[in-house]
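**Student:** These protein sequences, in sequence, are chains A and B.
Using my numbering, read the first sequence as starting at 11 and increasing by one per residue.
Using my numbering, read the second sequence as starting at -19 and increasing by one per residue.
Here a beta-carbon is modelled for each residue, glycine too, at the ideal position from N, C-alpha and C.
Sharing a structure here in structure tokens format.
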Amino acid sequence: MQHEYVGTAQIILGVIARFWPVWLALAIVLIASITWKKRLGLYGQLFDTGVGIAGVVICLFWLFTAIFSATISPFDPLAQDVMMKDALPGAITGDGGVYLFGGDKLARDIFSRMVYGSRIVLIIAPAATAFALMVGITLGLPAGYYGGRIDSFLSFLANLVLAFPVILLFYLLVTPGIMDTPIPYSMAGVFFLFPIIFFSVLFYTRYKNRPERFYPQIAITLILGFWIYAGLVFDADPLGIISIRPNELNIFVAVVFASSPGVFRIVRGLVMDIKTRDYVAAAQTRGESPWYIMLWEILPNARGPLIVDACLRIGYTTILLGTLGYFGLGLAPESPDWGTAIKDSSRLLRAYIHPALPPVIALMSFVLGLNLLADALREQSLKD
Amino acid sequence: MLAFVVRRLGTMALTMLCLTLVVFFMVNLEPNLRKLSISQLDMRSSDEHIESWLQRNGYRDNFFIRYGRWLGVVQKQPNVNAEGQPVPRFSYCNEPAEPYYGGILQGDFGCSTKFKTTVAAKLFPALGATGILMFWVMATMVPIALLIGILAGMREGTRTDRSLSVASITTTATPEYVSGVIFTVIFASWLGWLNGSAASATGPGGITFSNFTLPVMTMAIYGIGYIARMTRASMVEVMTQQYIRTARLKGLSFSSVVVKHALRNALIAPFTVIMLQFPWLLTGVVIVEVMFRYQGFGYTLVEAAGNNDIDLLLGCSLVSVFVVLSTQLISDVGYAYLNPRIRVQ
């Protein structure tokens, strides 16, 4: 099939031009951050090193790409233009548009798919990490603080999950058939309860003697918590705002399940270290309740390593999502996420290499950005 | 020490028991059994046909009895046809005509419905193939990673250190399916030096440089960065110790301080990291073997999972869990053995 092509320089310029909302937003955020660097605490200190700046810029780039993906992408990521099957980068479509990175084997625009793919990754990866953190913290605090039987039991469970190779876990947990069974829903029901428990206990331990602050906070937590809970687990949000597709719930649950034991182990280790400190002994002497000490004395002092771990873990979750996509588990076959795109294109590498490179580079650069960010944060927290 | 190892072995056995029970439960979920029976019969089988097949082959027996049979603590009953003659369930696996104990404890892994042979005949050659791959991965990954880590950690904060650190961060950000695609594009499609598929490595041609380099490279690169960073951190810590300063002040050259005094102590931490790298390598093996079509353990696992081949999948999980737990044990024992401070306690 014959196509008209634009030149390499025009492709590069075209890509840069398509990303204009991202450049604009990046410029605003970066100028603002550098101007008020001194007041921004840990975030501001990131701008002291080259590694930190690189990490922040790459992460923000993908964040804004995900937010503005509808504006950036010139085509619908699922639309097929039969003429453009396997078109090389820069091919011009019938009605004058340009397939900047070419077309894939189903004649879809690779550039638009890459841009839309960021949206899937940037919604699921941080959210799954946040849930994994909640589960890991809520279970890791008592395990480290009390020790003994609770610790042995919870550690045994965590080691059980960690002894599973991730890929086997996914093959068992993320299959089309499993959605007919109540397993994903009951797992979701357990996992999504943890944030509600966490915040309720957090506010209760602090404000139980000050009803005027406690009641509004606990009310907001419970209403918000159970609203989201109803939407996610039972798909019964009364307002119809929060809903999740069954296959996405399945992926979400599997990823949380796979990464919370890691968080648990880190939190447990940190707590065992911190609980020997003097301020913990002081709080115990004051007669504070164990959960107050865990949540308001130990947890804030463990935040440094936890923030670093959260950054690395978002990257790791991105890799896990890519693995799921690569094995065709869970995500819809036409989904534009990077893992699925890599799977589709890597089978055809002998014939065409251009569909493989954009998703590969996108995934790699996003994870790299997160790792650089984590590295810079670690350096900063070591300085304190 | 002995009590510690015995207790750990006990925990290990308990973990394996729990995990196989979980896997057994998952593979026997209704949709999975349906998938299995459809793959054994044919696509258009009626529901009654499927049900009678499941019934006849014992998939409808009590869950715990079936788990006990797989484990080898409950007798397996022969299959009896309408005339009262014993017939084997699957024609490709021998089955005694009288009740017998035949499970994991007796060393019988069962029967693979996908590959139409016994699990042992499929699984162990595949493990051998993966063992070769793992050996070459370790043989390239460990020396390179240690070298990078030591060079970077030797003089903290220099330009070498910074660039090597960024390089190792980059490799930890490159999962196997990404580096595999990049390497295939560069070395197979573009330069044409290497073969983009390792399918011929398990065939008559055997392993050659051109079909085996890409899988090994792809797997090694993801681990290198992590081990190198751990080595660097450990090296940096050792280099600030008093005894290193003493050695420098008594006039030894920098290189002999590094080789004789720092290296041994700096390598204790990476040892455990390398051992704990095995669970990651198992996932990597699956991706790389599927990507390069190498017929090893990972490929077998994917085939077993995709077709719900119950006995083979259970065998695969048992092997992988065993590998993960025994490397953990080796890393703990080895750490205590290598580190004099822990050994004395």
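First and last residue of the alpha helix (DSSP H) that includes B:M197?
**Tutor:** As a first step, residue 197 of chain B must be located in the second sequence, where it is residue number 217. First-last of the alpha helix (DSSP H) with B:M197: F189 to M219.
**Student:** Under 9 Å, Cβ to Cβ, is there at least one residue of chain A near B:I204?
**Tutor:** Walking along the second sequence from the start, residue 204 of chain B turns up at place 224. Taking Cβ atoms only, chain A never reaches closer than 9 Å to B:I204, which makes this a no.
**Student:** Determine, for A:K393, whether the minimum Cβ-Cβ distance to residues of chain B falls below 9 Å.
**Tutor:** Here residue 393 of chain A is taken as the residue at index 383 of the first sequence, counted from 1. Chain B, which has no Cβ nearer than 9 Å to the Cβ of A:K393, makes this no.
**Student:** Below 8 Å, how does it come out for the region 165 to 173 of chain A and the region 294 to 306 of chain A: are there three or more Cβ pairs, yes or no?
**Tutor:** no
**Student:** Which term fits B:S26, buried or exposed, when burial requires 16 or more other beta carbons within 10 angstroms of its beta carbon?
**Tutor:** Locating residue 26 of chain B in the second sequence gives position 46, counting from the first residue. Answer is exposed; the Cβ neighbour count stays below 16.
**Student:** What span of residues does the alpha helix (DSSP H) with A:P87 cover, start to end?
**Tutor:** On the first sequence, position 77 is the one that residue 87 of chain A refers to. Counting along the chain, A:P87 falls outside any alpha helix (DSSP H), and DSSP gives it neither H nor E.
**Student:** Just to confirm, is the Cβ distance from B:E156 to B:T198 under 9 Å?
**Tutor:** Counted from its first residue, the second sequence places residue 156 of chain B at position 176. Counted from its first residue, the second sequence places residue 198 of chain B at position 218. In this structure, B:T198 lies closer than 9 Å to B:E156 by Cβ.
**Student:** Apart from the five residues just before and just after B:I224, which ones in its own chain have a Cβ nearer than 8 Å to its Cβ?
**Tutor:** Mapped onto the second sequence, residue 224 of chain B falls at position 244. Same-chain partners within the cutoff: V218, V237, H241 and A242.
**Student:** Given that a residue counts as buried once 16 or more other Cβ atoms are within 10 Å of its Cβ, and exposed if not, what is A:L380?
**Tutor:** In the first sequence, residue 380 of chain A corresponds to position 370, counting from 1. So A:L380 counts as buried.
**Student:** Using a Cβ-Cβ cutoff of 8 Å, what residues of the region 320 to 338 of chain A are near chain B? List them in chain order.
**Tutor:** G325, I329, G332, T333, Y336 and F337
**Student:** Is A:P343 close to chain B? Criterion is C-beta to C-beta, closer than 9 Å.
**Tutor:** In the first sequence, residue 343 of chain A corresponds to position 333, counting from 1. Not one chain B Cβ lies under 9 Å of A:P343.
**Student:** Check the DSSP bridge columns for A:Y109 and list the partner residues they point to.
**Tutor:** Locating residue 109 of chain A in the first sequence gives position 99, counting from the first residue. BP columns for A:Y109 point to A:A101.
**Student:** In chain order, what are the residue ranges of uninterrupted alpha helix (DSSP H) at least 4 long that sit wholly in the region 299 to 343 of chain A?
**Tutor:** 313 to 336
**Student:** Counting only beta-carbon separations shorter than 9 Å, does A:G241 have a partner in chain B?
**Tutor:** Position 231 of the first sequence holds residue 241 of chain A. Answer no: the Cβ-Cβ gap between A:G241 and chain B never drops below 9 Å.
**Student:** Could you check whether the region 141 to 150 of chain A touches the region 272 to 284 of chain A, counting it as contact only if at least three pairs of C-beta atoms, one from each stretch, sit closer than 8 Å?
**Tutor:** yes
**Student:** Using a Cβ-Cβ cut-off of less than 9 Å, list which residues of the region -3 to 12 of chain B approach chain A; keep chain order.
**Tutor:** Residues of the region -3 to 12 of chain B with a C-beta less than 9 Å from any C-beta of chain A: C(-2), L(-1), V2, V3, M6, V7, L9, E10, P11 and N12, listed in chain order.
**Student:** Classify B:S92 as helix, strand or coil using the three-state DSSP reduction.
**Tutor:** Position 112 of the second sequence holds residue 92 of chain B. Looking at B:S92 - three-state DSSP - the assignment turns out to be strand.
**Student:** Can you name the residues that DSSP bridges to B:T97?
**Tutor:** Here residue 97 of chain B is taken as the residue at index 117 of the second sequence, counted from 1. Bridge partners of B:T97: B:S92.
**Student:** Pick out whichever of B:G295, B:I166 and B:F302 has its Cα sitting closest to the Cα of B:T93.
**Tutor:** Along the second sequence, one-based indexing puts residue 93 of chain B at 113. Answer by Cα proximity: B:G295.
**Student:** In whole angstroms, what separates the C-alpha of A:P205 from that of B:G111?
**Tutor:** Taking the first sequence and counting its residues from 1, one reaches residue 205 of chain A at position 195. Taking the second sequence and counting its residues from 1, one reaches residue 111 of chain B at position 131. Taking the straight line from one Cα to the other gives about 43 Å.
**Student:** Verify the CB distance criterion: does A:Y15 have a CB-CB separation below 9 Å to chain B?
**Tutor:** Numbered from 1 along the first sequence, position 5 holds the residue referred to as residue 15 of chain A. Output row for A:Y15: interface = no.
**Student:** Output, in chain order, the set of chain B residues within a Cβ distance shorter than 8 Å of A:D449.
**Tutor:** Because chain A here runs from 11 to 394, residue 449 of chain A falls outside it and cannot be looked at.
**Student:** Report all residues from its chain with a CB closer than 6 Å to the CB of B:G38; omit the five preceding and five following residues, and keep chain order.
**Tutor:** Stepping through the second sequence from its first residue, residue 38 of chain B is reached at position 58. Close CB contacts of B:G38 within its chain, under the 6 Å cut and outside five residues either way in sequence, are absent.
**Student:** So is B:Q222 buried or exposed if we call it buried at 16+ other beta carbons inside 10 Å?
**Tutor:** In the second sequence, residue 222 of chain B corresponds to position 242, counting from 1. Exposed, because fewer than 16 other Cβ atoms sit within 10 Å of the Cβ of B:Q222.
**Student:** State the DSSP-derived secondary structure class of B:Y157, mapped to helix, strand or coil.
**Tutor:** As a position in the second sequence, residue 157 of chain B is number 177, starting the count at 1. Helix, per DSSP.
**Student:** Any beta-carbon of chain B closer than 9 Å to the one on A:G187?
**Tutor:** Numbered from 1 along the first sequence, position 177 holds the residue referred to as residue 187 of chain A. At least one chain B Cβ lies under 9 Å of A:G187.
**Student:** Given a cut-off of 9 Å on the beta-carbon distance, is the pair A:L383 and A:L56 in contact?
**Tutor:** Counting from 1 along the first sequence, the entry for residue 383 of chain A is found at position 373. Counting from 1 along the first sequence, the entry for residue 56 of chain A is found at position 46. Result yes, Cβ atoms of A:L383 and A:L56 sit closer than 9 Å.
**Student:** Buried or exposed for B:A153, please, with buried defined as at least 16 other CB atoms from any protein chain shown within 10 angstroms of its CB.
**Tutor:** Mapped onto the second sequence, residue 153 of chain B falls at position 173. By the neighbour-count criterion, in which a residue is buried when 16 or more other Cβ atoms sit within 10 angstroms of its Cβ, B:A153 is buried.
**Student:** Based on DSSP bridge pairs, tell me the residues matched to A:L214.
**Tutor:** Here residue 214 of chain A is taken as the residue at index 204 of the first sequence, counted from 1. The question names Leu, yet the displayed sequence has Tyr at residue 214 of chain A. None, per the DSSP bridge assignment.
**Student:** Check the Cβ of B:I267 against every Cβ in chain A and list those closer than 9 Å, keeping chain order.
**Tutor:** Counted from its first residue, the second sequence places residue 267 of chain B at position 287. Residues of chain A passing the Cβ test: I177, T333, Y336 and F337.
**Student:** Check the Cβ of B:S25 against every Cβ in chain A and list those closer than 9 Å, keeping chain order.
**Tutor:** If you number the second sequence from 1, residue 25 of chain B lands on position 45. None at all; the shortest Cβ gap to chain A is about 17 Å.
**Student:** Counting pairs of Cβ atoms below 8 Å between the region 39 to 49 of chain A and the region 57 to 72 of chain A, do you hit three or more?
**Tutor:** yes
**Student:** With a threshold of 8 Å, are at least 3 pairs of Cβ atoms found where one atom belongs to the region 296 to 314 of chain B and the other to the region -3 to 17 of chain B?
**Tutor:** Yes, they touch.
**Student:** Can you tell me the Cβ-Cβ gap for A:T75 and A:V125, rounded? I've got them flagged as a contact below 8 Å.
**Tutor:** Within the first sequence, the letter at position 65 stands for residue 75 of chain A. Within the first sequence, the letter at position 115 stands for residue 125 of chain A. The pair is a contact, with the Cβ atoms about 6 Å apart (cut-off 8 Å).
**Student:** For chain A, find out if any of its Cβ atoms is closer than 9 Å to the Cβ of B:S17; answer yes or no.
**Tutor:** For the purposes of this step, residue 17 of chain B is taken as the residue at position 37 of the second sequence. Judged by the 9 Å Cβ criterion, B:S17 is not in contact with chain A.
**Student:** Would you verify that the beta carbon of A:T408 is, or is not, closer than 9 Å to some beta carbon of chain B?
**Tutor:** Residue 408 of chain A lies beyond the residue range present for chain A, which begins at 11 and ends at 394; the question has no answer from this structure.
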